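There are 2 protein chains.
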Amino acid sequence: MSGTVYLVGAGPGASDLLTVRAARLLGEAEVVFHDALIGDEVLRLASRARKVAVGKRCGRHATAQRFINKQLADAARLHRVVVRLKGGDPMLFGRAHEELSFLERQGLRVEVVPGVTAALAASAQLGISLTRRGSARSVTFITPRVGHGEKESGWVAAALAADTAAIYMGAGEAQTIAAALIAAGKPADTPIALVEDASLPGTRVQYAALQDLPGLPTSGGPTLILLGEVYREALLEAAPSSAPAPRPRQPQAVQE
Amino acid sequence: MSGTVYLVGAGPGASDLLTVRAARLLGEAEVVFHDALIGDEVLRLASRARKVAVGKRCGRHATAQRFINKQLADAARLHRVVVRLKGGDPMLFGRAHEELSFLERQGLRVEVVPGVTAALAASAQLGISLTRRGSARSVTFITPRVGHGEKESGWVAAALAADTAAIYMGAGEAQTIAAALIAAGKPADTPIALVEDASLPGTRVQYAALQDLPGLPTSGGPTLILLGEVYREALLEAAPSSAPAPRPRQPQAVQE
Numbered sequence: 001m002s003g004t005v006y007l008v009g010a011g012p013g014a015s016d017l018l019t020v021r022a023a024r025l026l027g028e029a030e031v032v033f034h035d036a037l038i039g040d041e042v043l044r045l046a047s048r049a050r051k052v053a054v055g056k057r058c059g060r061h062a063t064a065q066r067f068i069n070k071q072l073a074d075a076a077r078l079h080r081v082v083v084r085l086k087g088g089d090p091m092l093f094g095r096a097h098e099e100l101s102f103l104e105r106q107g108l109r110v111e112v113v114p115g116v117t118a119a120l121a122a123s124a125q126l127g128i129s130l131t132r133r134g135s136a137r138s139v140t141f142i143t144p145r146v147g148h149g150e151k152e153s154g155w156v157a158a159a160l161a162a163d164t165a166a167i168y169m170g171a172g173e174a175q176t177i178a179a180a181l182i183a184a185g186k187p188a189d190t191p192i193a194l195v196e197d198a199s200l201p202g203t204r205v206q207y208a209a210l211q212d213l214p215g216l217p218t219s220g221g222p223t224l225i226l227l228g229e230v231y232r233e234a235l236l237e238a239a240p241s242s243a244p245a246p247r248p249r250q251p252q253a254v255q256e
Numbered sequence: 001m002s003g004t005v006y007l008v009g010a011g012p013g014a015s016d017l018l019t020v021r022a023a024r025l026l027g028e029a030e031v032v033f034h035d036a037l038i039g040d041e042v043l044r045l046a047s048r049a050r051k052v053a054v055g056k057r058c059g060r061h062a063t064a065q066r067f068i069n070k071q072l073a074d075a076a077r078l079h080r081v082v083v084r085l086k087g088g089d090p091m092l093f094g095r096a097h098e099e100l101s102f103l104e105r106q107g108l109r110v111e112v113v114p115g116v117t118a119a120l121a122a123s124a125q126l127g128i129s130l131t132r133r134g135s136a137r138s139v140t141f142i143t144p145r146v147g148h149g150e151k152e153s154g155w156v157a158a159a160l161a162a163d164t165a166a167i168y169m170g171a172g173e174a175q176t177i178a179a180a181l182i183a184a185g186k187p188a189d190t191p192i193a194l195v196e197d198a199s200l201p202g203t204r205v206q207y208a209a210l211q212d213l214p215g216l217p218t219s220g221g222p223t224l225i226l227l228g229e230v231y232r233e234a235l236l237e238a239a240p241s242s243a244p245a246p247r248p249r250q251p252q253a254v255q256e
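Residue numbers (our numbering), protein chains in the order written: chain A, 1 to 256; chain B, 1 to 256.
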């Protein structure tokens, strides 16, 4: 009789932004396999569990994924509650598919526990809705990151077609992102909000125009780029004096 | 000295899919203003609070919104913890903007607590990622519902440009949605998953082709339409024998 593997969304970072179900399962877990970026405060909720860091920050090779799959299956044959903890939500850029289908093929029980994704936590923090009655009724979540053996896909078109875009895992590719969007026709002065470490004490928010995105300083933590007219008012408030002047090539404003 | 209004995401429905922070604030709240669709199990978490139902299921008039705004402000001047509870997440189709900006203009403290949005809960339940390595790297959240005095906006274009689309508040408009997407060039056999009451005990999932969406029976509960090739495998598994035959005009499969 084997146990259940729970693919659990750890939410954006703050330990009280896990769901009640996720917190309960962490408390019951005997083993927790977690991404490298999961914070200590969240991991402490798994007080009884052996904790195994398995995620890799940049890319993931097929070999590594196969090894994670095998570890999960082995643990499910030994323990009642096995948690696979992923940042944000498992079904949105969480790459849960490989693990889910492997475990199901092995005849093991798997359940997915959804989480608060970074774009929603960032929006709560900014106090700016992703959608707004009358002006923004579609929002696209995209990542420009290309994995091993993947072809580039239509993230630029998806970003252009929606009123608001949330770009995940775009840190370090700011130059490419801004150039691709502007080349495709997105106005260079489209407002963006760059949010680092959303929901955590050290979080940082910078408002700028899209053309100035490449010049914004970043600290290397999890970064989300939000893009759309809903950020226009905040951009103007952050740098009111620069609004009528020609737009400089450096950051518009830094809010901490 | 006035209190704080917390705009809190109630999540998809199940009471243990609230965040830990949301559950704590409900327990502390003296008044809770909640949408009509919030379930009893969630409301019971607000054990000390006076509960006021304020949401309207279909459309919201400016007068009603002004009355809600005033109730929130009045409550914040009397109580320490006032919760405005909204289904899903407040910043995604939650229309938090009017309430946030009104309360801020009144000089009152407002905080937003993010929640698990329905598309993530539905994906967890289906065991199918919204995004999948190599095949789906963008997902659009849209609503075709047009509010009072709003012009129709580009939800169709946004749905077409993304790999996966999650259509909120589309129940009752299945015919319009399917016709608009197919007319704009979305293949009529694009797989969809229609998820009602995601995360709740009475939840129902139906897989079908986009052209068959208008014929699917629905029960009137909160409904989410998920659209994209990531649902192809589930559609084929749900109705394997119909795959090679000419596609009939009725529902492909019902899973409960």
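Virtual Cβ for every residue (Gly too), placed ideally from N, Cα, C. Predicted model only: the values in this text are computed from it and were never measured.
| Asked | Found |
| --- | --- |
| With DSSP as the reference, label R204 of chain A as helix, strand or coil. | strand |
| Determine whether the Cβ of V82 of chain B lies closer than 9 Å to any Cβ atom of chain A. | no |
| Using a Cβ-Cβ cutoff of 7 Å, what residues of the region 116 to 146 of chain A are near chain B? List them in chain order. | V116, T117, L120, A121, S123, A124, G127, S129, L130, T131, R132, R133, G134, R137, S138, V139, T140, F141, I142, T143 |
| Check this for me: beta carbons of V32 of chain A and V112 of chain A, under 9 Å apart or not? | no |
| Can you give me the C-alpha to C-alpha distance between R50 of chain B and E30 of chain B, rounded to a whole angstrom? | 6 Å |
| I'd like to know whether the C-beta atoms of L72 of chain B and L92 of chain B end up nearer to each other than 9 Å. | no |
| Which whole runs of the beta strand (DSSP E) in the region 86 to 141 of chain A are 3 residues long or more, in chain order? | 109 to 113 |
| Under 9 Å between the Cβ atoms of P217 of chain B and A171 of chain B? | no |
| Taking 9 Å as the threshold (beta carbon to beta carbon), is E28 of chain A in contact with chain B? | no |
| For the region 94 to 106 of chain A, which residues have a beta carbon sitting closer than 8 Å to at least one beta carbon of chain B? | G94, R95, A96, H97, E98, L100, E104 |
| For S129 of chain B versus P12 of chain A, is the C-beta distance shorter than 9 Å? | no |
| Alpha carbons only, please: which of B:G9, B:H97, B:A14, B:Y207 is nearest the one belonging to K86 of chain B? | B:G9 |
| Among the residues of its own chain, which have a CB less than 7 Å from the CB of G134 of chain A, if the five just before and after it don't count? | none |
| Quick check: what's the CA-CA separation for L224 of chain B versus A178 of chain B? | 14 Å |
| In its own chain, which residues sit with a C-beta less than 7 Å from the C-beta of E173 of chain B, not counting the 5 before and 5 after it? | P144 |
| Run down chain A in chain order and give the residues with a C-beta less than 8 Å from the C-beta of M91 of chain B. | L120, S123, A124, I128, S129, L130, T131 |
| How long is the line joining the alpha carbons of D16 of chain A and A121 of chain A, rounded to whole angstroms? | 12 Å |
| Helix, strand or coil for T176 of chain B per DSSP? | helix |
| Among A:R95, A:G88, A:A198, A:M1, whose alpha-carbon lies nearest the alpha-carbon of A76 of chain A? | A:M1 |
| Would P201 of chain B be called buried (16 or more neighbouring beta carbons within 10 Å of its own) or exposed? | exposed |
| Per DSSP, what kind of secondary structure is I262 of chain A in: helix, strand or coil? | A query on residue 262 of chain A cannot be resolved here, the shown segment of chain A reaching from 1 to 256 and no further. |
| So, for A158 of chain A: in the same chain, excluding its five sequence neighbours on each side, which residues have a beta-carbon less than 6 Å away from its beta-carbon? | T140, I142 |
| Between the C-alpha atoms of A22 of chain A and D74 of chain B, what's the straight-line distance to the nearest angstrom? | 35 Å |
| Do D163 of chain B and V230 of chain B have their C-beta atoms closer together than 9 Å? | yes |
| Mind checking if I201 of chain B is an interface residue toward chain A, Cβ cutoff 9 Å exclusive? | Checking the sequence, you will find Pro at residue 201 of chain B rather than Ile. It does not; no Cβ of chain A falls within 9 Å. |
| Between the C-alpha atoms of Y168 of chain B and V205 of chain A, what's the straight-line distance to the nearest angstrom? | 29 Å |
| Is the separation between the beta-carbon of G107 of chain B and that of A165 of chain B shorter than 9 Å? | no |
| Around the Cβ of K186 of chain B, are there at least 16 other Cβ atoms within 10 angstroms (buried) or fewer (exposed)? | buried |
| Can you list, in chain order, the residues of its chain with a C-beta nearer than 7 Å to that of V42 of chain B? Leave out the 5 residues immediately preceding and following it. | A10, S15, L18 |
| Put P214 of chain B into one of helix, strand or coil per three-state DSSP. | helix |
| Roughly how many angstroms lie between the CA atoms of H97 of chain A and S199 of chain A, to the nearest whole one? | 27 Å |
| How many angstroms separate the CA atom of R232 of chain B from the CA atom of L213 of chain B? | 15 Å |
| For R84 of chain B, list the residues DSSP reports as bridge partners. | B:L7, B:F33 |
| Using a Cβ-Cβ cutoff of less than 6 Å, which residues in the same chain neighbour I68 of chain B once the five nearest sequence positions on both sides are dropped? | V54 |
| Distance cutoff 9 Å, beta carbons only. Does R24 of chain B sit that close to anything in chain A? | yes |
| What does T190 of chain A reach in chain B if we use C-beta pairs closer than 8 Å? | Going along chain B, no residue has its Cβ under 8 Å from T190 of chain A, so there is no contact; the nearest lies around 15 Å. |
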